[in-house]
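In what follows, a single structure is set out as structure tokens and then discussed.
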Amino acid sequence: MPAAIAQCEADSRCRWSYSVQECQNPAGYLSSESGIFAGSMIAGCLIGSMFAGPLASTIGARLSFLLVGLVGVVSSVLYHVSCAENEFWVLIVGRFVIGLFLGVIGVACPVYTDQNAHPKWKRTIGVMFQVFTTLGIFVAAAMGLALGQSISFDQNKDQMVMARMQGLCAFSTLFSLLTILLGIVMSESRAQFGGGEEGAIELDPNEYGYLEMIPRLLMGCVMAGTLQLTGINAVMNYAPTIMGSLGLAPLVGNFVVMLWNFVTTLASIPLSYVFTMRQLFLFGSIFTSCMCLFMCGIPVYPGVSKKLEVKNGVAITGILLFILGFEVCVGPCYYVLTQDMFPASFRPRGASVTQVVQFIFNLIINVCYPIATEGISGGPSGNQDKGQAVAFIFFGCLGIICFVIQVFFLHPWDEERDGKKKAAAPAYGKREVSE
0 MPAAIAQCEA
10 DSRCRWSYSV
20 QECQNPAGYL
30 SSESGIFAGS
40 MIAGCLIGSM
50 FAGPLASTIG
60 ARLSFLLVGL
70 VGVVSSVLYH
80 VSCAENEFWV
90 LIVGRFVIGL
100 FLGVIGVACP
110 VYTDQNAHPK
120 WKRTIGVMFQ
130 VFTTLGIFVA
140 AAMGLALGQS
150 ISFDQNKDQM
160 VMARMQGLCA
170 FSTLFSLLTI
180 LLGIVMSESR
190 AQFGGGEEGA
200 IELDPNEYGY
210 LEMIPRLLMG
220 CVMAGTLQLT
230 GINAVMNYAP
240 TIMGSLGLAP
250 LVGNFVVMLW
260 NFVTTLASIP
270 LSYVFTMRQL
280 FLFGSIFTSC
290 MCLFMCGIPV
300 YPGVSKKLEV
310 KNGVAITGIL
320 LFILGFEVCV
330 GPCYYVLTQD
340 MFPASFRPRG
350 ASVTQVVQFI
360 FNLIINVCYP
370 IATEGISGGP
380 SGNQDKGQAV
390 AFIFFGCLGI
400 ICFVIQVFFL
410 HPWDEERDGK
420 KKAAAPAYGK
430 REVSE
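Put into structure tokens, the structure is as follows:
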């Protein structure tokens, strides 16, 4: 075996595959290209979320959705051009632009729900933001599987792959147009800053400043760490590679992961009636951290398990349990807590800052994960299980640290306990957002 590996590594066109124990030609993106591909969208999300809170407060919900819909159309055009010309860098620009779209949506939707939903249903509607996010991810995985399975690799003929990709890109174009339509037909938010229509809920943007909110903003950073630094994006973006190294065909493994990802999220809906968002988030935090450490990390490290079947079985089970804990507890509750953590007048800005931090963590993971795991493994021909095991052990340790901090300091905003005391009664016509 060592001689075969050495002979394979001697040819720059080849890579040794530990999953199938043979020398193969590399396919797909390099690790650096995978990082750029994944990181480009996250960089756009970071910038979009940075301006999302001030944007929603200044121009309102309707114009915000109209604007991001137009940005989405521009991104879709770039996607179509990239497929037609097979240009990697046009695709990267398109993903960056769609990231701007997603960055604003990730703040605008929870804020709009918090300001307009009935208090009885607010939490349930809030967790459905994550439910439909995972539904979209699953649909994309299903289309990817269908595309891959429909190509006859053993036939020497034009498979029209780029034409097939145009069909995939059409979905992003459709949803961008629907976002524009949403901005046209939706009602303006009941809560308005700096005055508004008669009967509207008036919020003072200067009621609380950033300095006053530093403790809660720091808590938002810890929540963002729980969301991103426990490995969910390593699983989502690199599911084909991870599952492939564990014995499943990449597209099939990706489909299985994304199906499970969506199905488990549905459980968050009934649980939102029984438990508070804080309780679910804390349980999910410690559960996912333990899965990273004791199921996806330590057992996968080379030499810990002598049998390949045992190692693969434990790791795949760990990934599925990790996703269960994340999508039932952490992901759905995060978007609700980004609102509940702050007073009503500060929520757009607080959610914006929290989202910026989580996208910074997201960007670091997406860019560094493939490069770091490959480097720790000893290069492209090294045993990739080593790098993945070290990464998940790191994720698990960080998650446990975040959990301990959150147990003591993660508490929703209570106006009577935390708010400024008002000497005068509210003016006629003013109402609370929660009414």
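Numbering that gives the first Met the number 0 puts the first residue of the sequence shown at 0, with every later residue one more than the last.
Glycine included, C-beta positions come from ideal geometry on N, C-alpha and C.
Computed from a prediction, not measured in an experiment: that's the story for all the values here.
- Comparing alpha-carbon positions, which option in I46, P342, V89, G395 lies nearest P204? P342
- Can Q357 and A223 be called in contact, C-beta distance under 7 Å? yes
- Query: If you draw a straight line from the alpha carbon of I322 to that of Q405, how long is it in whole angstroms?
  - Reply: 20 Å
- Which of helix, strand or coil does DSSP assign to E84? helix
- L202 by DSSP, collapsed to three states: which one? DSSP places L202 in strand when its eight states are reduced to three.
- Task: Within the same chain, show all residues whose beta-carbon is closer than 6 Å to that of M257, passing over the 5 residues directly before and after it, in chain order.
- Result: I136, F137, A140
- Query: Between G71 and T225, which are expected to be in contact by the criterion C-beta below 8 Å, what is the C-beta distance as a whole number of angstroms?
  - Reply: Rounded, the Cβ-Cβ distance is 29 Å, inconsistent with contact.
- Can you tell me the Cα-Cα spacing of A426 and L202, whole angstroms? Low local confidence applies: a pLDDT of 42 at A426 is under 50, so the model's placement there is unreliable, with the coordinate-based value given in what follows. Cα-Cα distance, rounded: 12 Å.
- Task: Determine the extent of the alpha helix (DSSP H) in which C450 is found, giving its start and end residues.
- Result: Because the chain is modelled from 0 through 434, residue 450 falls outside the range shown and cannot be assessed.
- Run through the region 113-145 for me and flag every whole beta strand (DSSP E) of 3 or more residues, listed as ranges in chain order. none
- Query: What separation, rounded to the nearest whole angstrom, lies between the Cα atoms of I124 and L247?
  - Reply: Approximately 36 Å between the Cα atoms of the pair.
- Ordered list of alpha helix (DSSP H) runs contained in the region 261-286, each at least 4 residues: Here the runs fully enclosed are 267-273.
- So, helix, strand or coil for W15, using DSSP? strand
- Message: Can you find the residues in the same chain that come closer than 6 Å, C-beta to C-beta, to P347, ignoring five residues on each side of it along the sequence?
- Response: G52, A55, S56, V110
- Message: Helix, strand or coil for E187? Go by DSSP, reduced to three states.
- Response: Three-state DSSP puts E187 in coil, outside helix and strand.
- Message: Residues in the same chain with beta-carbon distance under 7 Å from S433, minus the five sequence neighbours each way, listed in chain order, please.
- Response: Because S433 sits at a pLDDT of 46, beneath the cut-off of 50, its placement in the model cannot be relied upon, and the following sentence gives the value as read from the coordinates. Closer than 7 Å at Cβ, skipping near neighbours: P118.
- Query: Where does E21 sit, in a helix, a strand or coil, going by DSSP?
  - Reply: Collapsing the DSSP output to three states places E21 in a strand.
- Query: Under a three-way DSSP split, which group does I150 fall into?
  - Reply: Correct three-state label for I150: coil.
- From V457 to S149, what distance separates their C-alpha atoms? Nothing in the structure corresponds to residue 457, since the chain is present only between 0 and 434.
- Taking 7 Å as the cut-off, decide whether the C-beta atoms of G182 and G296 are in contact. no
- Item | Spatial distance of Y61 from F261 (CA atoms) | Per the sequence shown, the amino acid found at residue 61 is Arg instead of Tyr. Looking at the two C-alpha atoms, the distance is approximately 29 Å.
- Query: With a Cβ-Cβ cutoff of 7 Å, do C44 and G93 count as a contact?
  - Reply: no
- Message: If you reduce the DSSP assignment to three classes, tell me which class F325 lands in.
- Response: Helix.
- Message: Quick check on DSSP: helix, strand or coil for Y209?
- Response: coil
- By the 10 Å Cβ neighbour count, where 16 or more other Cβ atoms means buried, how is M49 classified, buried or exposed? buried
- Quick one: using the 10 Å Cβ neighbour count with 16 as the cut-off for buried, is A423 buried or exposed? At A423, the pLDDT of 42 sits below 50, so the modelled position is not reliable; the number obtained from the coordinates is stated separately. Flag for A423 reads exposed.
- Buried or exposed by the 16-neighbour rule on C-beta atoms within 10 Å, applied to V255: buried
- Which of the three DSSP states, helix, strand or coil, is assigned to D10? coil
- Do the CB positions of C332 and F286 come within less than 7 Å of each other? no
- Task: With a 10 Å radius around its C-beta and 16 neighbouring C-beta atoms as the bar for buried, classify K305 as buried or exposed.
- Result: exposed
- Item | Spatial distance of F174 from L180 (CA atoms) | Taking the straight line joining both Cα atoms gives about 10 Å.
- Work out the CA separation of T133 and S267 for me, nearest whole Å. Between the alpha carbons of S267 and T133 lies a distance of about 12 Å.
- My guess is that N365 and G34 are in contact by the Cβ rule of under 8 Å, so how many angstroms apart are they, rounded? 6 Å
- Item | Coil, strand or helix - D339 by DSSP | helix
- Please indicate yes or no: does the CB of Q6 lie closer than 6 Å to some heavy atom of the ligand ADP? In the structure shown, the ligand ADP is absent, as is every other ligand, since no ligand is present at all.
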